[in-house]
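Written below as structure tokens is the structure these notes are about.
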Amino acid sequence: QQQVKQSPQSLIVQKGGISIINCAYENTAFDYFPWYQQFPGKGPALLIAIRPDVSEKKEGRFTISFNKSAKQFSLHIMDSQPGDSATYFCAASWPNTDKLIFGTGTRLQVFP
Amino acid sequence: DTAVSQTPKYLVTQMGNDKSIKCEQNLGHDTMYWYKQDSKKFLKIMFSYNNKELIINETVPNRFSPKSPDKAHLNLHINSLELGDSAVYFCASSHRDRDAFFGQGTRLTVV
């Protein structure tokens, strides 16, 4: 059973466009929702994270939107650049645990 | 450099062999993990240790045995390797805020 569902599987965006990746979760006990970025041959790197007490968090060109009632959260990449081309993973975890449940990943390609 | 480092980066071995992957973090974190990333890039936790104590042990075959000699090190030993063990194994560490930092991965290929 996939507790965190991520879509789309792949995404192609033109340089300067907005990239949007969506995740949905089932377990209402989740209280921490990070996004990771992974380049080929590298480990996942924490990009941005949110907790359910806020509906939006922005860091530079990256924004997480969180909808608690719909049990959904999304990553928006504004002014997408070719250097943003990577695989993006959403994740979730429960209170008092360090276990991250990952989504299935989205391969983003940004073309000039 | 502050980081999570794991060795080796690549490991090619024959079925039935025993191999180890080493991990060290100098971030001062209390918790360390092993994650497995399969050929479809799906990431799944295998183990976590907090201050050398096993906290999480997912449904992983007994052939996989983690060992944490101190809170900065977490090694993974795999016995009797099988073809299905081929994957990328990531070590990670975190502190109380749950932001996990990952190593660069060890690509294990069993032939």
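If you read the sequences in order, they're chains A and B. Residue 60 in the working numbering sits at position 60 of the first sequence; the count goes up by one each step and never skips. When you read off a place in the second sequence, starting at 1, and then add 112, the result is the number in the working numbering. Where a beta carbon is used, it is the ideal one built from N, C-alpha and C, also for glycine.
Closest by C-alpha distance to residue i, when choosing among the options
i	options	result
Val13 (chain A)	A:Gly83, A:Gly103, A:Trp94	A:Gly83
Gln118 (chain B)	B:Phe154, B:Val200, B:Val222	B:Val200
Val223 (chain B)	B:Asp197, B:Gln126, B:Cys203, B:Trp146	B:Gln126
Phe111 (chain A)	A:Gly41, A:Gly60, A:Ile18, A:Ile64	A:Ile18
Thr143 (chain B)	B:Ile133, B:Asp211, B:Asp130	B:Asp211
Leu108 (chain A)	A:Ala91, A:Asn96, A:Ile77, A:Lys58	A:Ile77
Gln216 (chain B)	A:Lys99, A:Asp31, A:Gln3, A:Pro40	A:Pro40
Ser7 (chain A)	A:Ile21, A:Asp98, A:Lys58	A:Ile21
Trp94 (chain A)	A:Arg61, A:Glu26, A:Gln37	A:Glu26
Cys203 (chain B)	A:Asn67, A:Gly16, A:Lys42, A:Gln37	A:Lys42
His185 (chain B)	B:Ser206, B:Asn169, B:Thr221, B:Ser151	B:Ser206
Lys131 (chain B)	B:Glu165, B:Phe213, B:Leu139, B:Ser177	B:Ser177
Ile101 (chain A)	A:Asp79, A:Cys23, A:Ala86	A:Cys23
Leu123 (chain B)	B:Asp197, B:Arg208, B:Phe213	B:Asp197
Phe213 (chain B)	B:Gly140, B:Asn169, B:Arg219, B:Ile190	B:Gly140
Glu136 (chain B)	B:Ile190, B:Gly128, B:Pro120, B:Ser151	B:Pro120
Ala115 (chain B)	B:Ile133, B:Asn138, B:Lys134, B:Arg175	B:Asn138
Phe62 (chain A)	A:Pro34, A:Ile48, A:Ala70	A:Ile48
Short CB-CB distance (under 8 Å) between residue i and chain B
i	result
Gly105 (chain A)	yes
Asp53 (chain A)	no
Phe111 (chain A)	no
Ala70 (chain A)	no
Pro44 (chain A)	yes
Phe62 (chain A)	no
Phe66 (chain A)	no
Phe102 (chain A)	yes
Cross-chain neighbours of residue i in chain C, by beta carbon under 9 Å
i	result
Leu11 (chain A)	Here the protein chains are A and B, and chain C is not one of them.
8 Å Cβ cutoff, residue i in contact with chain A
i	result
Gln137 (chain B)	no
Ser206 (chain B)	yes
Arg210 (chain B)	yes
Ile190 (chain B)	no
Phe202 (chain B)	yes
Ile133 (chain B)	no
Gln126 (chain B)	no
Leu123 (chain B)	no
Thr143 (chain B)	yes
Gly215 (chain B)	yes
Residue i to residue j span [Cα, whole Å]
i	j	result
Ser192 (chain B)	Ile157 (chain B)	21 Å
Phe159 (chain B)	Asn187 (chain B)	11 Å
Lys148 (chain B)	Lys5 (chain A)	18 Å
Pro173 (chain B)	Ala45 (chain A)	28 Å
Thr171 (chain B)	Tyr161 (chain B)	15 Å
Leu195 (chain B)	Lys153 (chain B)	17 Å
Arg106 (chain A)	Ile167 (chain B)	At residue 106 (chain A) the sequence reads Thr, which differs from the Arg that was named. The straight-line gap from Cα to Cα measures roughly 30 Å.
Lys58 (chain A)	Thr87 (chain A)	20 Å
Gly60 (chain A)	Ser180 (chain B)	38 Å
Ala91 (chain A)	Asp98 (chain A)	12 Å
Thr104 (chain A)	Ser85 (chain A)	17 Å
Leu75 (chain A)	Lys15 (chain A)	17 Å
Phe66 (chain A)	Tyr36 (chain A)	16 Å
Asn169 (chain B)	Trp146 (chain B)	10 Å
Ile190 (chain B)	Glu165 (chain B)	19 Å
Ser10 (chain A)	Ser80 (chain A)	15 Å
Quick one: which residues of the stretch 20-38 of chain A get their C-beta closer than 9 Å to a C-beta of chain B? List them in chain order. Hits within the stretch, in order: Tyr32, Pro34, Tyr36, Gln38.
Does the stretch 22-33 of chain A come close enough to the stretch 43-53 of chain A that 3 or more CB-CB pairs lie under 8 Å? yes
Taking a Cβ distance cut-off of 7 Å, strictly less, list which residues of the stretch 82-98 of chain A are near chain B, in chain order. Thr87, Phe89, Ser93, Asp98
Using Cβ-Cβ distances below 9 Å, what residues of the stretch 160-183 of chain B are close to chain A? Ser160, Asn162, Ile167, Ile168, Glu170
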